[in-house]
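What follows is a set of notes on a single structure, which appears directly below.
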Amino acid sequence: MLIQHITWALLWFFGLVYSQESQTFTVKGSVTSNGILPDVSVLSTEARISLNGGESSGYLHPNGQFFVPNVELGQHLLEIESNEYVFPKMLLRIERIGEKATLSAWYFQPGYEVNTLETSLPFPLNISPIEKRQFITRSGYSVFQIFKSPYMILVGFSLIFMFIMPQLKGLMSEEDLQMRNQILSKPQPRGPDFSATLAQMTSSKKISRYSGSWGNMKGPKERGFVSYRLSPFQLKAMKGYFSKGPSNVIRRSAAQVAYILPGIFLLWGVTTYGNTRYEYLHSKAGHHEAH
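Numbered by mature numbering (1 follows the signal peptide of the UniProt record, and there is no 0), the letters in the sequence shown go through residues -19 to -1, 1 to 272 in order.
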(Lines of atoms letter the chains of each structure in order from A and count residues from 1; the text may use other names and numbers.)
(Lines give C-alpha, C1' and ligand atoms only; values in the text may rest on other atoms or scores of the structure.)
Protein backbone atom coordinates (compact mmCIF):
# COMPACT_ATOMS: atom_id res chain seq x y z
CA MET A 1 0.00 0.00 0.00
CA LEU A 2 2.84 2.38 0.87
CA ILE A 3 4.64 1.55 -2.36
CA GLN A 4 1.50 2.37 -4.34
CA HIS A 5 1.20 5.80 -2.71
CA ILE A 6 4.87 6.55 -3.42
CA THR A 7 4.42 5.53 -7.04
CA TRP A 8 1.41 7.81 -7.49
CA ALA A 9 3.32 10.69 -5.84
CA LEU A 10 6.29 10.27 -8.19
CA LEU A 11 4.02 10.12 -11.21
CA TRP A 12 2.24 13.28 -10.09
CA PHE A 13 5.57 15.08 -9.51
CA PHE A 14 7.06 14.17 -12.90
CA GLY A 15 3.79 15.04 -14.59
CA LEU A 16 3.82 18.46 -12.95
CA VAL A 17 7.42 19.07 -14.04
CA TYR A 18 6.59 17.98 -17.58
CA SER A 19 3.56 20.25 -17.73
CA GLN A 20 5.60 23.23 -16.50
CA GLU A 21 8.33 22.57 -19.05
CA SER A 22 5.73 22.32 -21.79
CA GLN A 23 4.53 25.84 -20.86
CA THR A 24 7.93 27.44 -21.59
CA PHE A 25 9.51 28.68 -24.79
CA THR A 26 13.06 29.24 -26.06
CA VAL A 27 13.62 32.68 -27.58
CA LYS A 28 16.09 32.49 -30.45
CA GLY A 29 17.63 35.25 -32.50
CA SER A 30 20.82 36.82 -33.77
CA VAL A 31 22.50 40.20 -34.01
CA THR A 32 23.04 41.17 -37.64
CA SER A 33 25.58 43.62 -39.02
CA ASN A 34 24.75 46.93 -40.69
CA GLY A 35 26.43 50.25 -41.41
CA ILE A 36 26.82 50.99 -37.70
CA LEU A 37 28.15 47.52 -36.82
CA PRO A 38 30.10 46.15 -39.81
CA ASP A 39 31.36 43.06 -37.97
CA VAL A 40 29.36 41.25 -35.27
CA SER A 41 32.47 39.64 -33.81
CA VAL A 42 33.70 43.00 -32.48
CA LEU A 43 30.88 43.06 -29.91
CA SER A 44 32.07 42.85 -26.34
CA THR A 45 31.65 39.54 -24.58
CA GLU A 46 29.90 41.42 -21.77
CA ALA A 47 26.86 42.08 -23.98
CA ARG A 48 23.86 40.03 -22.88
CA ILE A 49 20.19 39.50 -23.64
CA SER A 50 17.79 40.57 -20.89
CA LEU A 51 14.08 39.87 -20.47
CA ASN A 52 11.92 42.05 -18.22
CA GLY A 53 14.83 43.91 -16.69
CA GLY A 54 16.85 40.81 -15.78
CA GLU A 55 14.24 38.16 -14.90
CA SER A 56 15.73 35.96 -17.64
CA SER A 57 18.96 36.46 -19.51
CA GLY A 58 21.17 34.95 -22.17
CA TYR A 59 24.55 35.71 -23.70
CA LEU A 60 25.68 36.38 -27.24
CA HIS A 61 27.79 33.89 -29.12
CA PRO A 62 30.76 35.15 -31.16
CA ASN A 63 28.73 34.67 -34.35
CA GLY A 64 25.94 36.91 -33.00
CA GLN A 65 23.36 34.24 -32.16
CA PHE A 66 21.61 34.14 -28.79
CA PHE A 67 19.22 31.83 -26.91
CA VAL A 68 17.04 32.56 -23.89
CA PRO A 69 15.57 29.25 -22.61
CA ASN A 70 12.60 28.57 -20.35
CA VAL A 71 10.63 31.72 -21.11
CA GLU A 72 7.09 31.49 -19.77
CA LEU A 73 3.93 32.33 -21.66
CA GLY A 74 2.85 35.97 -21.67
CA GLN A 75 4.37 39.30 -22.67
CA HIS A 76 8.04 40.10 -22.17
CA LEU A 77 10.37 43.02 -22.92
CA LEU A 78 13.59 41.99 -24.68
CA GLU A 79 16.68 44.20 -24.45
CA ILE A 80 20.28 43.81 -25.58
CA GLU A 81 22.55 45.37 -22.96
CA SER A 82 25.79 46.58 -24.52
CA ASN A 83 28.30 49.24 -23.49
CA GLU A 84 29.22 50.00 -27.09
CA TYR A 85 26.01 50.00 -29.14
CA VAL A 86 22.34 50.88 -28.69
CA PHE A 87 19.87 48.21 -29.81
CA PRO A 88 16.11 48.55 -30.26
CA LYS A 89 13.83 47.05 -27.64
CA MET A 90 11.23 44.43 -28.53
CA LEU A 91 7.92 43.43 -27.06
CA LEU A 92 7.46 39.64 -27.14
CA ARG A 93 4.16 37.82 -26.80
CA ILE A 94 4.35 34.07 -26.24
CA GLU A 95 1.04 32.23 -26.40
CA ARG A 96 -0.09 28.68 -26.98
CA ILE A 97 -2.14 27.93 -30.06
CA GLY A 98 -3.20 24.30 -30.07
CA GLU A 99 -0.31 22.11 -29.05
CA LYS A 100 2.41 24.60 -30.02
CA ALA A 101 3.68 27.79 -28.42
CA THR A 102 4.09 30.69 -30.85
CA LEU A 103 6.03 33.93 -30.49
CA SER A 104 5.09 37.36 -31.83
CA ALA A 105 7.44 40.34 -31.64
CA TRP A 106 7.16 44.09 -32.26
CA TYR A 107 9.56 46.97 -31.82
CA PHE A 108 8.99 48.81 -28.54
CA GLN A 109 9.70 52.46 -27.79
CA PRO A 110 9.18 53.81 -24.25
CA GLY A 111 6.33 56.28 -24.04
CA TYR A 112 4.50 54.95 -27.11
CA GLU A 113 1.83 52.29 -27.34
CA VAL A 114 2.66 49.17 -29.33
CA ASN A 115 0.18 48.31 -32.05
CA THR A 116 -0.07 44.54 -31.77
CA LEU A 117 -2.41 44.44 -34.78
CA GLU A 118 0.53 45.06 -37.09
CA THR A 119 2.45 42.20 -38.67
CA SER A 120 4.81 40.49 -36.26
CA LEU A 121 8.55 40.42 -36.85
CA PRO A 122 9.91 37.16 -38.32
CA PHE A 123 11.25 34.44 -36.06
CA PRO A 124 14.12 33.79 -35.26
CA LEU A 125 14.64 37.45 -34.39
CA ASN A 126 17.18 39.57 -36.25
CA ILE A 127 18.32 42.67 -34.36
CA SER A 128 20.68 45.37 -35.62
CA PRO A 129 22.10 48.32 -33.64
CA ILE A 130 20.58 51.75 -34.22
CA GLU A 131 23.53 53.86 -33.02
CA LYS A 132 26.92 53.69 -31.38
CA ARG A 133 27.34 55.01 -27.87
CA GLN A 134 29.51 58.09 -27.46
CA PHE A 135 31.56 58.46 -24.30
CA ILE A 136 33.38 61.64 -23.36
CA THR A 137 36.31 61.13 -21.05
CA ARG A 138 36.01 63.46 -18.12
CA SER A 139 39.08 65.65 -17.86
CA GLY A 140 40.95 66.08 -14.61
CA TYR A 141 41.17 69.14 -12.42
CA SER A 142 42.68 72.20 -14.04
CA VAL A 143 43.20 75.70 -12.67
CA PHE A 144 42.37 77.24 -16.04
CA GLN A 145 38.88 75.74 -15.91
CA ILE A 146 38.10 78.03 -12.98
CA PHE A 147 38.58 81.07 -15.22
CA LYS A 148 36.20 79.58 -17.79
CA SER A 149 33.35 79.72 -15.30
CA PRO A 150 30.74 82.40 -16.14
CA TYR A 151 30.88 83.72 -12.59
CA MET A 152 34.65 84.16 -12.74
CA ILE A 153 34.28 85.97 -16.05
CA LEU A 154 31.68 88.27 -14.49
CA VAL A 155 33.96 88.97 -11.51
CA GLY A 156 36.87 89.54 -13.88
CA PHE A 157 34.99 92.18 -15.86
CA SER A 158 34.02 93.90 -12.61
CA LEU A 159 37.65 93.98 -11.45
CA ILE A 160 38.73 95.33 -14.83
CA PHE A 161 36.25 98.19 -14.52
CA MET A 162 37.40 98.88 -10.96
CA PHE A 163 41.11 99.13 -11.84
CA ILE A 164 41.04 100.47 -15.39
CA MET A 165 38.44 103.21 -14.98
CA PRO A 166 40.59 105.17 -12.47
CA GLN A 167 43.52 104.85 -14.86
CA LEU A 168 41.43 106.23 -17.70
CA LYS A 169 40.29 109.04 -15.43
CA GLY A 170 43.93 109.99 -14.89
CA LEU A 171 44.46 110.29 -18.66
CA MET A 172 41.74 112.92 -18.98
CA SER A 173 42.79 116.48 -19.80
CA GLU A 174 42.20 119.41 -17.45
CA GLU A 175 39.37 120.72 -19.61
CA ASP A 176 37.62 117.37 -19.49
CA LEU A 177 38.09 117.22 -15.72
CA GLN A 178 36.63 120.70 -15.27
CA MET A 179 33.67 119.80 -17.45
CA ARG A 180 33.18 116.60 -15.47
CA ASN A 181 33.30 118.46 -12.16
CA GLN A 182 30.77 120.98 -13.43
CA ILE A 183 28.41 118.20 -14.42
CA LEU A 184 28.80 116.46 -11.06
CA SER A 185 28.32 119.72 -9.15
CA LYS A 186 24.87 120.20 -10.63
CA PRO A 187 22.02 118.96 -8.44
CA GLN A 188 20.98 115.50 -9.42
CA PRO A 189 17.31 114.91 -10.24
CA ARG A 190 15.37 113.44 -7.38
CA GLY A 191 13.49 110.21 -7.71
CA PRO A 192 9.74 110.10 -8.15
CA ASP A 193 7.64 110.88 -5.11
CA PHE A 194 4.99 108.18 -5.25
CA SER A 195 3.11 109.46 -2.22
CA ALA A 196 2.73 112.92 -3.74
CA THR A 197 1.70 111.42 -7.07
CA LEU A 198 -0.90 109.23 -5.39
CA ALA A 199 -2.23 112.19 -3.42
CA GLN A 200 -2.43 114.26 -6.61
CA MET A 201 -4.33 111.50 -8.41
CA THR A 202 -6.82 111.02 -5.59
CA SER A 203 -7.38 114.72 -4.93
CA SER A 204 -10.26 116.65 -6.47
CA LYS A 205 -7.95 119.40 -7.74
CA LYS A 206 -8.02 119.89 -11.49
CA ILE A 207 -5.03 118.72 -13.47
CA SER A 208 -2.86 121.29 -15.24
CA ARG A 209 -3.41 121.94 -18.88
CA TYR A 210 -0.52 122.17 -21.30
CA SER A 211 -0.18 122.39 -25.08
CA GLY A 212 2.00 120.24 -27.31
CA SER A 213 4.87 122.74 -27.75
CA TRP A 214 7.83 122.76 -25.32
CA GLY A 215 8.43 125.77 -23.10
CA ASN A 216 8.50 126.90 -19.51
CA MET A 217 6.25 124.25 -17.95
CA LYS A 218 4.98 126.05 -14.87
CA GLY A 219 1.27 126.26 -15.32
CA PRO A 220 -1.71 125.83 -17.60
CA LYS A 221 -1.05 126.95 -21.17
CA GLU A 222 -2.71 126.60 -24.51
CA ARG A 223 -0.83 127.00 -27.78
CA GLY A 224 -2.09 126.00 -31.15
CA PHE A 225 -4.96 123.63 -31.56
CA VAL A 226 -3.61 120.59 -29.65
CA SER A 227 -3.73 120.54 -25.86
CA TYR A 228 -2.80 117.92 -23.25
CA ARG A 229 -3.83 117.46 -19.64
CA LEU A 230 -0.73 116.74 -17.54
CA SER A 231 -0.19 116.44 -13.80
CA PRO A 232 2.49 118.54 -12.03
CA PHE A 233 4.61 115.42 -11.61
CA GLN A 234 4.47 114.76 -15.37
CA LEU A 235 5.32 118.39 -16.12
CA LYS A 236 8.35 118.23 -13.83
CA ALA A 237 9.57 114.95 -15.29
CA MET A 238 9.16 116.12 -18.89
CA LYS A 239 10.90 119.39 -18.16
CA GLY A 240 13.96 117.64 -16.70
CA TYR A 241 14.15 115.07 -19.50
CA PHE A 242 13.54 117.20 -22.57
CA SER A 243 14.70 120.64 -21.40
CA LYS A 244 18.02 120.36 -23.29
CA GLY A 245 16.74 118.65 -26.40
CA PRO A 246 17.99 115.40 -27.96
CA SER A 247 21.49 115.72 -26.45
CA ASN A 248 20.05 115.48 -22.95
CA VAL A 249 18.06 112.37 -23.92
CA ILE A 250 21.18 110.69 -25.31
CA ARG A 251 23.22 111.64 -22.23
CA ARG A 252 20.63 110.26 -19.84
CA SER A 253 20.27 107.06 -21.88
CA ALA A 254 24.04 106.55 -21.95
CA ALA A 255 24.18 106.97 -18.18
CA GLN A 256 22.03 103.84 -17.82
CA VAL A 257 24.65 101.66 -19.54
CA ALA A 258 26.52 101.18 -16.25
CA TYR A 259 23.36 99.63 -14.79
CA ILE A 260 22.38 97.59 -17.85
CA LEU A 261 25.75 95.92 -18.59
CA PRO A 262 26.04 94.02 -15.26
CA GLY A 263 22.53 92.68 -15.76
CA ILE A 264 23.42 91.50 -19.26
CA PHE A 265 26.61 89.81 -18.01
CA LEU A 266 24.71 88.18 -15.15
CA LEU A 267 22.01 86.86 -17.49
CA TRP A 268 24.65 85.55 -19.90
CA GLY A 269 26.55 83.87 -17.05
CA VAL A 270 23.49 82.14 -15.62
CA THR A 271 22.43 80.92 -19.08
CA THR A 272 25.91 79.60 -19.92
CA TYR A 273 26.20 77.86 -16.55
CA GLY A 274 22.79 76.23 -17.02
CA ASN A 275 23.70 74.91 -20.48
CA THR A 276 27.06 73.60 -19.23
CA ARG A 277 25.41 71.92 -16.24
CA TYR A 278 22.76 70.32 -18.49
CA GLU A 279 25.39 68.90 -20.88
CA TYR A 280 27.38 67.50 -17.95
CA LEU A 281 24.36 65.82 -16.36
CA HIS A 282 23.20 64.51 -19.75
CA SER A 283 26.59 62.91 -20.47
CA LYS A 284 26.73 61.52 -16.93
CA ALA A 285 23.27 59.99 -17.27
CA GLY A 286 24.27 58.35 -20.55
CA HIS A 287 27.38 56.93 -18.90
CA HIS A 288 25.35 55.38 -16.06
CA GLU A 289 22.78 54.01 -18.50
CA ALA A 290 25.53 52.23 -20.40
CA HIS A 291 26.69 50.51 -17.25
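Cβ atoms here follow ideal geometry from the backbone N, Cα and C, with glycine treated the same way.
- Helix, strand or coil for GLN90, going by three-state DSSP, please let me know. Working through the sequence shown from its first residue, we reach residue 90 at position 109. In the three-state DSSP reduction, GLN90 falls in the coil class, being neither helix nor strand.
- Message: Here's a check: name, in chain order, each residue in its chain whose Cβ is nearer than 8 angstroms to the Cβ of GLY39, leaving out the five neighbours to either side.
- Response: In the sequence shown, residue 39 corresponds to position 58, counting from 1. Contacts found: VAL8, ARG29, ILE30, PHE47, PHE48, VAL49 and PRO50.
- Item | Cβ-heavy atom distance, GLY137 to the ligand NAP, below 7 angstroms | The ligand NAP is not among the ligands present in this structure, which contains no ligands whatsoever.
- Message: Does the structure place the segment 132 to 145 close enough to the segment 244 to 255 that three or more beta carbon pairs sit under 8 angstroms?
- Response: In short, these stretches touch, since the Cβ pair count reaches three.
- May I ask you to report which of helix, strand or coil DSSP gives PRO50? Walking along the sequence shown from the start, residue 50 turns up at place 69. When secondary structure is reduced to three states using DSSP, PRO50 falls in the strand class.
- Item | According to DSSP, residues forming a beta bridge with residue 276 | A question about residue 276 goes unanswered here, because the residues of the chain that appear run from -19 up to 272.
- Query: With C-beta atoms as the reference, is residue 286 less than 8 angstroms away from ILE17?
  - Reply: Any answer about residue 286 is impossible in this case: the structure gives the chain only from -19 up to 272.
- Query: Counting only runs that start and end within the segment 103 to 150, where is the alpha helix (DSSP H) found for 4 or more residues in a row?
  - Reply: Taken in chain order, the unbroken stretches of alpha helix (DSSP H) that lie wholly in the segment 103 to 150 and span 4 residues or more are 125 to 128.
- Start-to-end residues for the alpha helix (DSSP H) that takes in SER166: Stepping through the sequence shown from its first residue, residue 166 is reached at position 185. Bounds of the alpha helix (DSSP H) holding SER166 are 155 to 166.
- Check the C-beta distance from ARG74 over to SER85 and give it rounded, since I have them as a contact under 8 angstroms. For this step, residue 74 is matched to residue 93 along the sequence shown. For this step, residue 85 is matched to residue 104 along the sequence shown. Confirmed, Cβ separation roughly 5 angstroms.
- Task: Identify every residue that forms a DSSP beta bridge with HIS42.
- Result: Locating residue 42 in the sequence shown gives position 61, where the first residue counts as 1. DSSP lists no partner for HIS42.
- Message: Just list the residues that DSSP pairs ILE30 with in beta bridges.
- Response: Numbered from 1 along the sequence shown, position 49 holds the residue referred to as residue 30. In the DSSP secondary-structure assignment, ILE30 is bridged to GLY39 and ILE61.
- List the DSSP bridge partners of ILE245. Here residue 245 corresponds to residue number 264 of the sequence shown, with the count starting at 1. Paired residues: none, contrary to the question.
- Item | Rounded separation between GLN126 and THR253 - CA only | By one-based count along the sequence shown, residue 126 stands at place 145. By one-based count along the sequence shown, residue 253 stands at place 272. If you draw a straight line from the Cα of GLN126 to the Cα of THR253, it comes to about 14 angstroms.
- Message: Assuming contact is defined by CB atoms lying nearer than 8 angstroms, are LYS70 and LEU54 in contact in what I supplied?
- Response: What you label residue 70 is simply residue 89 of the sequence shown in a count that begins at 1. What you label residue 54 is simply residue 73 of the sequence shown in a count that begins at 1. Against a cut-off of 8 angstroms, the Cβ pair of LEU54 and LYS70 comes out as no contact.
- Query: Would ILE61 be called buried (16 or more neighbouring beta carbons within 10 Å of its own) or exposed?
  - Reply: Numbered from its first residue, the sequence shown carries residue 61 at position 80. ILE61 is buried by the Cβ-count criterion.
- Message: Can you look up GLY250 in the DSSP assignment and give me helix, strand or coil?
- Response: Here residue 250 corresponds to residue number 269 of the sequence shown, with the count starting at 1. The answer is helix: DSSP assigns GLY250 an H, G or I state.
- Using the DSSP secondary-structure output, state which residues sit across from SER85 in a beta bridge. Residue numbering aside, residue 85 sits at position 104 when the sequence shown is read from its first letter. According to DSSP, which records beta bridges pairwise, SER85 is partnered with ARG74.
- Item | Cut-off 6 angstroms between Cβ atoms - residues of its own chain near SER22, not counting five sequence neighbours on either side | Looking up residue 22 in the sequence shown gives position 41. Taking C-beta separations shorter than 6 angstroms and ignoring five residues to either side along the sequence, the partners of SER22 in its chain run PRO43, following chain order.
- Message: I'd like to know whether the C-beta atoms of VAL67 and LEU41 end up nearer to each other than 8 angstroms.
- Response: Residue mapping note: residue 67 aligns to position 86 of the sequence shown, counting from 1. Residue mapping note: residue 41 aligns to position 60 of the sequence shown, counting from 1. Cβ distance not < 8 angstroms, so VAL67 and LEU41 don't count as in contact.
- Message: Between the alpha carbons of PHE128 and MET143, how many angstroms are there, rounded?
- Response: Indexing the sequence shown from 1 puts residue 128 at position 147. Indexing the sequence shown from 1 puts residue 143 at position 162. In this structure, the straight-line span from the alpha carbon of PHE128 to that of MET143 is close to 18 angstroms.
- Message: Can you look up PRO201 in the DSSP assignment and give me helix, strand or coil?
- Response: The count along the sequence shown starts at 1 and reaches residue 201 at position 220. With a pLDDT of 46 at PRO201, under the threshold of 50, the predicted position of this residue should be treated as unreliable, and no value is reported.
- Per DSSP, what kind of secondary structure is VAL67 in: helix, strand or coil? By one-based count along the sequence shown, residue 67 stands at place 86. VAL67 falls in the strand class under three-state DSSP.
- Query: What residues match up with GLY55 in a beta bridge as DSSP calls it?
  - Reply: Mapped onto the sequence shown, residue 55 falls at position 74. ILE75.
- Item | SER123 versus SER130 - alpha carbon distance | The count along the sequence shown starts at 1 and reaches residue 123 at position 142. The count along the sequence shown starts at 1 and reaches residue 130 at position 149. Their Cα atoms are separated by approximately 12 angstroms.
- Classify GLY10 as buried or exposed, calling it buried when 16 or more other Cβ atoms lie within 10 Å of its own Cβ. The residue labelled residue 10 in the question sits at position 29 within the sequence shown. By the beta-carbon neighbour count (other beta carbons within 10 angstroms, threshold 16), GLY10 is buried.
- Query: Alpha carbon to alpha carbon, what distance is there between PHE6 and PRO110?
  - Reply: The residue given as residue 110 occupies position 129 in the sequence shown. The residue given as residue 6 occupies position 25 in the sequence shown. One Cα belongs to PRO110, the other to PHE6, and the distance between them is close to 25 angstroms.
- Query: In the structure shown, what three-state DSSP assignment does VAL95 receive?
  - Reply: Counting from 1 along the sequence shown, the entry for residue 95 is found at position 114. In this structure, VAL95 counts as coil in the three-state DSSP scheme.
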